[in-house]
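Asks: Below you'll find the structure I mean.
There are 2 protein chains.
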Amino acid sequence: MKIQLALDRFTIEQAIAITKRVYPYIDWIEVGTSLIKEFGMESVRALRKEFPGKTIVADIKTFDNAAYEFEMCYAAGADVATVMGASPVVTIETCMNVAVKHGKQVMIDLLNTSDDQLEKLTVYREAIFCAHVSKDQQEITGQKQGLAGIHLPGSRFRDTNRKVALAGGINAESLPSLAKVQPSVVIIGSAITKAQDPVLAARTIKALTTSAEGGTSV
Amino acid sequence: MKIQLALDRFTIEQAIAITKRVYPYIDWIEVGTSLIKEFGMESVRALRKEFPGKTIVADIKTFDNAAYEFEMCYAAGADVATVMGASPVVTIETCMNVAVKHGKQVMIDLLNTSDDQLEKLTVYREAIFCAHVSKDQQEITGQKQGLAGIHLPGSRFRDTNRKVALAGGINAESLPSLAKVQPSVVIIGSAITKAQDPVLAARTIKALTTSAEGGTSV
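Residue numbers (our numbering), protein chains in the order written: chain A, 1 to 218; chain B, 1001 to 1218.
This is the structure in structure tokens:
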């Protein structure tokens, strides 16, 4: 289980500084959508350059213009880029093709993706499917990924045995129950970056993922 | 009927140069999603600064983090910003609230928005609803907004008498039939920016919109 550190609502310098502090306890670094939309591909290039040893996820949330946007992310140094599951299938298909061409990965963000659409997407065996409670859902309607119920797609999807990422307000309290669905990736933002002690928070979360996996280090 | 010039897959300098050439024939300037994701808010600031007399549309395609993204666009000088109709309703509601706070506008991009969702969105009387055939749909599946059929939402939406924008491969050939639905905005990209003579193309399109409106200038 990888820990993906989500960096949002920061300057590039702040994002680098917080990542340096928690570096030993995280696996993947997510250049958040807000960084990309505020600073462009420079945000991806800067994080790539600063952290050559980590997997870089560009949370670009593509909805159209897939080849152009994915080529741009991979050229800037991303290993993974995101596309919205709610976008036209032709767009997602194009992202998959660009990823194959470059030996890179695609994360499909399932925020507001219908079950019908999701069923069409399960053909993309190599994708990581991200079950996502959004910032706006968390901050305005109070939903979270976690204790009160795991916001996973339906059972027909789970039976396909695809790689899953979980995102949306995950913290040390909710992580143990979420770990039961054996996600490939847990995406953690403010539970680390806004913690009073980010290093302690990251170390605690890392220990929880390790113990959830039976004590083996990932 | 406003003509919105869509600027995509350009550097900021190229976007400014092409806009200068066709300036008298267009009404709104769209800073395309690709410019925002490649260069960040600097693209919006640069176009705003260069063209203080025009309406600037930031095609940011928000899907989450609505307040942050919309505040960012308006602070950078945008008059209109876009949100995806397929995103959670709470996100779209937040965009509407931020727009009201600043006396600005929201364009809801209806790409891949279900009829059920659209019905929920018709409460947003002040929004511009953009019926959109995407770049990927055009380039890969060959669809276009235009002659072969107008890709408008269903009749229940049309009866609501909301402001409509049309986008997706619109050109001088398809414009007259599209004008019949009396859109508030027609969004034109490559039919101007990739034309052999962009000035002639823009002038022709401007003349077509004027004649579709009975000869009155807009």
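Backbone N, C-alpha and C define an ideal beta-carbon position, used for all residues, glycine too. Fair warning: this is a prediction, and the values are worked out from it, not measured in the lab.
In terms of residue numbering, what span does the beta strand (DSSP E) encompassing Phe129(A) cover?
Replies: Counting from one through the first sequence, the residue named residue 129(A) turns up at place 129. Phe129(A) -> beta strand (DSSP E) spans Ile128 to His132.
Asks: With a CB to CB cut of under 6 Å and the five nearest residues on each side skipped, what residues in its chain are close to Arg1048(B)?
Replies: Taking the second sequence and counting its residues from 1, one reaches residue 1048(B) at position 48. Closer than 6 Å at the Cβ level, and outside the excluded window around Arg1048(B), lie Ile1056 and Gly1077.
Asks: Apart from the five residues on each side of it in sequence, which residues of its chain come closer than 7 Å, Cβ to Cβ, to Glu69(A)?
Replies: Numbered from 1 along the first sequence, position 69 holds the residue referred to as residue 69(A). Within the same chain, Glu69(A) has close Cβ partners Ile60 and Thr62.
Asks: Residue range of the beta strand (DSSP E) that Ile1170(B) falls in?
Replies: Against the second sequence, residue 1170(B) aligns to sequence position 170. Looking at the DSSP string, Ile1170(B) is not in any beta strand (DSSP E), and its letter there is neither H nor E.
Asks: In angstroms, rounded to a whole number, what distance separates the CA positions of Val1199(B) and Ser184(A)?
Replies: In the second sequence, the residue the question calls residue 1199(B) occupies position 199. In the first sequence, the residue the question calls residue 184(A) occupies position 184. Their Cα atoms are separated by approximately 53 Å.
Asks: Short check: CB of Arg1021(B) to CB of Ala1202(B), under 9 Å?
Replies: Your numbering for residue 1021(B) matches position 21 in the second sequence. Your numbering for residue 1202(B) matches position 202 in the second sequence. Yes, the pair counts as a contact, with Cβ atoms nearer than the cut-off.
Asks: Quick one: using the 10 Å Cβ neighbour count with 16 as the cut-off for buried, is Lys1154(B) buried or exposed?
Replies: For the purposes of this step, residue 1154(B) is identified with residue 154 of the second sequence, where counting begins at 1. It should be pointed out that residue 1154(B) corresponds to Gly in this sequence rather than to Lys. Gly1154(B) should be labelled exposed.
Asks: Using 9 Å as the limit for Cβ to Cβ distance, is Ile1018(B) near chain A?
Replies: Here residue 1018(B) refers to the residue found at position 18 when the second sequence is read from its first residue. Not an interface residue.
Asks: Give me the residue from Lys1037(B), Ile1026(B) and His1151(B) with the minimum Cα distance to Gly1053(B).
Replies: As a first step, residue 1053(B) is located in the second sequence; it is residue number 53 there, counting from the start. Measuring from the Cα of Gly1053(B), the nearest candidate turns out to be Ile1026(B).
Asks: Closer than 7 Å, Cβ to Cβ, to anything on chain A: give me those residues from the segment 1188-1199 of chain B, in chain order.
Replies: So nothing in the stretch comes that close.
Asks: So with CB distances below 9 Å, who are the chain A contacts of Met1072(B)?
Replies: Within the second sequence, numbered from 1, the residue matching residue 1072(B) stands at position 72. The answer, in chain order, is Ser34, Lys37 and Glu38.
Asks: For Glu50(A), which residues does DSSP report across the bridge?
Replies: Here residue 50(A) refers to the residue found at position 50 when the first sequence is read from its first residue. Paired residues: none, contrary to the question.
Asks: How about Val1133(B) and Ile1003(B): are their beta carbons less than 9 Å apart?
Replies: Walking along the second sequence from the start, residue 1133(B) turns up at place 133. Walking along the second sequence from the start, residue 1003(B) turns up at place 3. No, Cβ-Cβ distance for Val1133(B) and Ile1003(B) is not below 9 Å.
Asks: For Leu1208(B), which option in Ile1188(B), Ser1034(B) and Ile1016(B) has the closest C-alpha, if you only look at C-alpha atoms?
Replies: Taking the second sequence and counting its residues from 1, one reaches residue 1208(B) at position 208. The shortest Cα separation from Leu1208(B) among Ile1188(B), Ser1034(B) and Ile1016(B) belongs to Ile1188(B).
Asks: What does Val1080(B) reach in chain A if we use C-beta pairs closer than 9 Å?
Replies: In the second sequence, the residue the question calls residue 1080(B) occupies position 80. The contacting residues do not exist; Val1080(B) stays about 16 Å from chain A at best.
Asks: Is it right to say Ser217(A) is buried, meaning 16 or more other beta carbons lie within 10 angstroms of its own, or is it exposed?
Replies: Working through the first sequence from its first residue, we reach residue 217(A) at position 217. Confidence is the limiting factor: at Ser217(A) the pLDDT is only 48, short of 50, which leaves the residue's position unreliable, though a coordinate-based value still follows. By the 10 Å Cβ count, Ser217(A) comes out exposed.
Asks: Three or more C-beta pairs under 8 Å: does that hold for the segment 1118-1126 of chain B against the segment 1137-1148 of chain B?
Replies: The segment 1118-1126 of chain B vs the segment 1137-1148 of chain B: no contact.
Asks: State yes or no: is the beta carbon of Thr91(A) nearer than 9 Å to at least one beta carbon in chain B?
Replies: Here residue 91(A) is taken as the residue at index 91 of the first sequence, counted from 1. Output row for Thr91(A): interface = yes.
Asks: Within the chosen definition, does the segment 100-119 of chain A reach the segment 71-91 of chain A through at least 3 CB pairs nearer than 8 Å?
Replies: Touching, per the Cβ criterion.
Asks: Tell me whether the beta-carbon of Ala58(A) lies closer than 9 Å to the beta-carbon of Ile36(A).
Replies: Translated into the one-based positions of the first sequence, residue 58(A) becomes position 58. Translated into the one-based positions of the first sequence, residue 36(A) becomes position 36. Yes, Cβ-Cβ distance for Ala58(A) and Ile36(A) is below 9 Å.
Asks: Measure the beta-carbon distance from Lys135(A) to Asn1065(B) and round it to whole angstroms, keeping in mind my assumption that it falls under 8 Å.
Replies: As a working note, residue 135(A) is residue 135 in the first sequence. As a working note, residue 1065(B) is residue 65 in the second sequence. About 5 Å separates the two Cβ atoms, so the contact holds.
Asks: Which partner residues of Lys1002(B) appear in the DSSP bridge assignment?
Replies: On the second sequence, residue 1002(B) is found 2 positions in, with the first residue counted as 1. Answer is Val1185(B).
Asks: What is the C-beta distance between Leu1166(B) and Ile1205(B), in whole angstroms, given that I count them as a contact (C-beta under 8 Å)?
Replies: Here the question's residue 1166(B) lines up with position 166 in the second sequence. Here the question's residue 1205(B) lines up with position 205 in the second sequence. About 13 Å; that fails the 8 Å criterion.
Asks: From the DSSP secondary-structure annotation, give me the bridge partner or partners of Glu30(A).
Replies: By 1-based counting over the first sequence, the position of residue 30(A) is 30. BP columns for Glu30(A) point to Ala6(A) and Val57(A).
Asks: Would you say Ile1140(B) and Val90(A) are within 9 Å of each other, going by their C-beta atoms?
Replies: The residue given as residue 1140(B) occupies position 140 in the second sequence. The residue given as residue 90(A) occupies position 90 in the first sequence. Going by C-beta atoms, Ile1140(B) is nearer than 9 Å to Val90(A).
Asks: On the DSSP letters alone, give me the boundaries of the alpha helix (DSSP H) that Gln14(A) sits inside.
Replies: Numbered from 1 along the first sequence, position 14 holds the residue referred to as residue 14(A). Taken as a continuous stretch (DSSP letters only), the alpha helix (DSSP H) holding Gln14(A) covers Ile12 to Val22.
Asks: Between Ser217(A) and chain B, is there a C-beta pair that is closer than 9 Å?
Replies: Indexing the first sequence from 1 puts residue 217(A) at position 217. Confidence in Ser217(A) is poor, its pLDDT being 48 and thus under 50, which makes the residue's placement too unreliable to answer from.
Asks: Relative to the C-alpha of Lys1180(B), which residue among Gly1103(B), Met1107(B), Glu1213(B) and Cys1130(B) is closest?
Replies: Numbered from 1 along the second sequence, position 180 holds the residue referred to as residue 1180(B). Ranking Gly1103(B), Met1107(B), Glu1213(B) and Cys1130(B) by Cα distance to Lys1180(B) puts Glu1213(B) first.
Asks: Opposite Asp1109(B) in the DSSP bridges: which residues?
Replies: Stepping through the second sequence from its first residue, residue 1109(B) is reached at position 109. Looking at the DSSP assignment, Asp1109(B) forms a beta bridge with Met1084(B) and Cys1130(B).
Asks: Give me the chain A residues within the contact set of Thr1141(B), using Cβ-Cβ distance strictly less than 7 Å, ordered along the chain.
Replies: For the purposes of this step, residue 1141(B) is taken as the residue at position 141 of the second sequence. Neighbours of Thr1141(B) on chain A, chain order: Val90.
Asks: For Lys194(A), name the three-state secondary structure that DSSP assigns.
Replies: Within the first sequence, numbered from 1, the residue matching residue 194(A) stands at position 194. Looking at Lys194(A) - three-state DSSP - the assignment turns out to be coil, as it is neither helix nor strand.
Asks: Alpha carbon to alpha carbon, how far is Met1001(B) from Ser1190(B)? Give it in angstroms, no decimals.
Replies: In the second sequence, the residue the question calls residue 1190(B) occupies position 190. In the second sequence, the residue the question calls residue 1001(B) occupies position 1. Going by the C-alpha atoms only, they are around 19 Å apart.
Asks: How far does the alpha helix (DSSP H) with Leu118(A) in it extend, from its first residue to its last?
Replies: Numbered from 1 along the first sequence, position 118 holds the residue referred to as residue 118(A). Where Leu118(A) is concerned, the enclosing alpha helix (DSSP H) stretches over Asp115 to Leu121.
Asks: Leaving aside the five residues before and after Leu121(A) along the sequence, list all residues of the same chain whose C-beta is less than 8 Å from its C-beta, in chain order.
Replies: As a first step, residue 121(A) must be located in the first sequence, where it is residue number 121. Taken in chain order, the residues that qualify are Gly85, Val89, Ile92, Ile108, Thr113, Ala127 and Phe129.
Asks: Measure from the alpha carbon of Gln143(A) to the alpha carbon of each residue in Tyr23(A), Val164(A), Ala15(A) and Ile170(A), then state which is nearest.
Replies: If you number the first sequence from 1, residue 143(A) lands on position 143. With distances taken between Cα atoms, Gln143(A) lies closest to Ile170(A).
Asks: With DSSP run on the structure shown, which of helix, strand or coil describes Ser1217(B)?
Replies: Position 217 of the second sequence, counting from 1, holds the residue named residue 1217(B). Any reading at Ser1217(B) is ruled out, since the residue's pLDDT is 48, under 50, leaving its predicted position unreliable.
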